[in-house]
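Residue numbering for the sequence shown follows my numbering, starting at 1393 and increasing by one per position. Working notes, beginning with the structure itself.
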Amino acid sequence: MANSQDAYYLSLLALAERFRTQEPANIKSCLQCLQAVLTFRPPPKVEARTHLQLANLLIQYTKNTQLARDHLEQAWTLSMNIAGFDDVRFEAASELAKLYEQSGGTSNAKALLHRAIELSRQSVYWHCRLIFQTAQIGVTELDYATASGLLHMGLEYCHIQGVAYTQLLFLLSKIMVMLLEGRGSAEVHNLLAQANQNVEQYNGAQGQKEHLRVFYLVLLVCHNLKSGQVKSVKPALKQLQQSIQNITQLSEQEVNPSSGSEMFAWLPREQLCVLVYLVSVMHSMQAGYMEKAQKYTDKALLQIEKLKAEDNASILSSLQLLLLEHSVMCHLIVGSKAQAIKEIAKVCQLLREDAKQLQAYRAQLHTLLAVYAMSMNNSSAAEIQFNAALRTSKNRDLWIFANLNLAVVYLRCQRERDFAAIMDRINPETLPTQSQSLRAASFYVQGLHAFFTSRHNDGKRFLRESLKMANAEDLNRLTSCSLVLLGHIFLALGNPREAHNMVTPAMQLASKIPDLHLQLWSSAILKDLYRQFGDVPHEQGSSQNHYNFSQTLLTDHMTASQLPEHQLIMWTEGPFPLPVTEKI
1393 MANSQDAYYL
1403 SLLALAERFR
1413 TQEPANIKSC
1423 LQCLQAVLTF
1433 RPPPKVEART
1443 HLQLANLLIQ
1453 YTKNTQLARD
1463 HLEQAWTLSM
1473 NIAGFDDVRF
1483 EAASELAKLY
1493 EQSGGTSNAK
1503 ALLHRAIELS
1513 RQSVYWHCRL
1523 IFQTAQIGVT
1533 ELDYATASGL
1543 LHMGLEYCHI
1553 QGVAYTQLLF
1563 LLSKIMVMLL
1573 EGRGSAEVHN
1583 LLAQANQNVE
1593 QYNGAQGQKE
1603 HLRVFYLVLL
1613 VCHNLKSGQV
1623 KSVKPALKQL
1633 QQSIQNITQL
1643 SEQEVNPSSG
1653 SEMFAWLPRE
1663 QLCVLVYLVS
1673 VMHSMQAGYM
1683 EKAQKYTDKA
1693 LLQIEKLKAE
1703 DNASILSSLQ
1713 LLLLEHSVMC
1723 HLIVGSKAQA
1733 IKEIAKVCQL
1743 LREDAKQLQA
1753 YRAQLHTLLA
1763 VYAMSMNNSS
1773 AAEIQFNAAL
1783 RTSKNRDLWI
1793 FANLNLAVVY
1803 LRCQRERDFA
1813 AIMDRINPET
1823 LPTQSQSLRA
1833 ASFYVQGLHA
1843 FFTSRHNDGK
1853 RFLRESLKMA
1863 NAEDLNRLTS
1873 CSLVLLGHIF
1883 LALGNPREAH
1893 NMVTPAMQLA
1903 SKIPDLHLQL
1913 WSSAILKDLY
1923 RQFGDVPHEQ
1933 GSSQNHYNFS
1943 QTLLTDHMTA
1953 SQLPEHQLIM
1963 WTEGPFPLPV
1973 TEKI
């Protein structure tokens, strides 16, 4: 009878595998066969593995997460009593923790993973993988101290085990958490230098080395961009772009790790390509090259759509959100407000589908809506959205950015008392950031305030400081803003020649970016200057330019204001208004 039962369940397992691998796969029949296996009371190993197989199929092909969870709990419980059954035991723990986390049971997920970490010390691959997974939950919860502690534990474990590749992954992941946490620049810089040396000395497979190099270079470029070092980071960015090309040219065998204990990759190479596009977009935006930024954005978004059709991994949505955020800012700068609000609606659509992501991204969304409202001259909506961003932001630099723009809103509306109330938040001397670009922007806002209050000498002093910092790192848009405002101050002081010396290069930079609002402002000043000089041809040219710019902006303004997406500027809580609730 026992032999007969063995034959039954073995046949069912073979049949299930045949249904799973046939073209097209017959998942329903595969699941039925595996369910039938369990009715024959197979040996514990077979029973545990069958529960795991059933769970994996349910997760991949159905939405029945509760049944999948039941099977994983069975697999985990059964495997605990089977010696040397690491692959089933720890895969069940890992997948079960993911389901707990998805359903809001993060505490259950962490408790399970910590237990699995304790049990997996003899299995290098699973011990490291479970530590990475637990640290990732810490990052998601913004518990950077716990995540950093786990990664340091993994770092020391790999050192003892002699697995250099995974040890470097832990080191780079720890640096990434430090960047997210906003740790001191010197501390991060020292660890980056150590990581660079270790990566270059690594003598493992070429594919692994290139993955490590890309990981390191992404961190280095992001660290420098966060500090506003746009010019200084150019060599590292070029190296990153070359390194990702090297990875795309490697074969599948060269890319995948060969050692069973080190079967890790930071990201699949297709996702790495998207990430490098994103980093390139970030650099182009800060440097003021909008056309290049938009070109990279379009390529990356197209690639994401292709990848999502194959595997809708959560990281793809995160990358898509960041790319759309930069695309919105790019459209606003070049004067395409209608396109910008459509892109914001796409952001809302992505966030509507994921409540957890909406909570994490809420401050950025409010900031995008606020900047759009500013561009539409809707100061009340801008103020509402900036204040919403300030209430929800957990990112220090975003908080500063929102305050700087809110200050500009108050200056535009001549609300001196409200400006004074937030002045301490945007003082360049005490600004709580490592970012030189934000510090330079704060000098610009101080210069703008001085201009509006007719303190022209103070204005010149602040703007020259802003110019010095912007020029040092090729922050072209900030340079152009500072130049045109300086020109306006000199014009107000009755010094047209000096004003012309400022506004002419400002106009050239604004055209190169291109920034339509700065071009409009510059052409208005140049028109007045040429009138004072008695230079009729140039005056007529500037007048024509000013008319063209204003008509382009006005037409786009009217188009944007009539779009149904425009009503998003008044959203702060609850469901998004139509048409975002419809599928975009």
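Using N, Cα and C, we set each Cβ at its ideal position, and we do this for glycine too. This structure is a prediction, so every number in the text was calculated from the model and none was measured.
Touching or not, the segment 1569–1588 and the segment 1549–1558, by the rule of three or more beta carbon pairs under 8 Å?
no
Given LEU1491 as reference, the closest of PHE1793, ARG1605, LEU1505, GLU1717 once Cα atoms are compared
LEU1505
On the criterion of 16 or more Cβ atoms from any shown chain inside 10 Å, does ALA1832 qualify as buried, or is it exposed?
buried
Which same chain residues end up closer than 8 Å to SER1903 when comparing Cβ atoms and leaving out the 5 residues on each side of it in sequence?
GLN1911
Residue from LEU1724, ARG1783, TRP1913, VAL1516 with nearest C-alpha to GLY1554:
VAL1516
With 16 as the cutoff for other CB atoms within 10 Å, does VAL1928 come out buried or exposed?
exposed
Can the beta-carbon of VAL1720 be found closer than 9 Å to that of ALA1701?
no
Contacting residues, own chain, Cβ-Cβ under 6 Å from ASN1448 (five flanking each side not counted)
none
GLU1415: buried (16+ other C-beta within 10 angstroms of its C-beta) or exposed?
exposed
Alpha-carbon to alpha-carbon, GLN1466 and PHE1411
24 Å
Quick check on the burial criterion: 16 or more other C-beta atoms within 10 angstroms. Buried or exposed for PRO1435?
exposed
In its own chain, which residues sit with a C-beta less than 8 Å from the C-beta of ILE1818, not counting the 5 before and 5 after it?
ILE1792, ASN1795, LEU1796, ALA1799, SER1834, VAL1837, GLN1838
Just mark HIS1551 as buried or exposed, buried being the case when its beta carbon has 16 or more other beta carbons within 10 Å.
exposed
In chain order, each alpha helix (DSSP H) run of at least 4 residues that lies wholly inside the segment 1656–1728:
1661–1679, 1682–1702, 1706–1726
Nearest to ASN1937 by CA position, among ALA1952, LEU1908, ASP1535, ASP1948, is which residue?
LEU1908
Candidates ARG1804, GLN1756, GLU1493, ASP1789, of which the one nearest GLN1777 by Cα:
GLN1756
Less than 6 Å between C-beta atoms, sequence neighbours within five positions excluded: which residues of the same chain meet that for GLU1487?
LEU1464
Would you tell me roughly how many angstroms separate the C-alpha atoms of SER1676 and LEU1444, rounded to the nearest one?
47 Å
Same chain, Cβ closer than 7 Å to HIS1892, neighbours up to 5 away in sequence not counted
LEU1921
With a CB to CB cut of under 6 Å and the five nearest residues on each side skipped, what residues in its chain are close to ALA1762?
ALA1774, GLN1777, PHE1778
Keeping to the same chain, check which residues put their C-beta closer than 7 Å to that of VAL1480; ignore five residues upstream and five downstream.
ALA1440, ARG1441, LEU1444, ALA1467, SER1471
Between the CA atoms of VAL1876 and GLN1528 - distance to the nearest angstrom
46 Å
By the three-class DSSP mapping on this structure, what secondary structure does TYR1509 have?
Note on residue identity: the sequence assigns Ile, not Tyr, to residue 1509. Note: ILE1509 maps to helix in three-state DSSP.
Start-to-end residues for the alpha helix (DSSP H) that takes in VAL1555
VAL1555 -> no alpha helix (DSSP H), and no H or E assigned at all.
In its own chain, which residues sit with a C-beta less than 7 Å from the C-beta of CYS1614, not counting the 5 before and 5 after it?
LEU1571, VAL1671
Reducing DSSP to helix, strand and coil, say where PHE1477 ends up.
coil
Unbroken stretches of the beta strand (DSSP E), 3 residues or longer, contained in the segment 1555–1621
none
Given LEU1563 as reference, the closest of LEU1583, LYS1786, GLN1600, ARG1513 once Cα atoms are compared
LEU1583
In its own chain, which residues sit with a C-beta less than 6 Å from the C-beta of VAL1438, not counting the 5 before and 5 after it?
none
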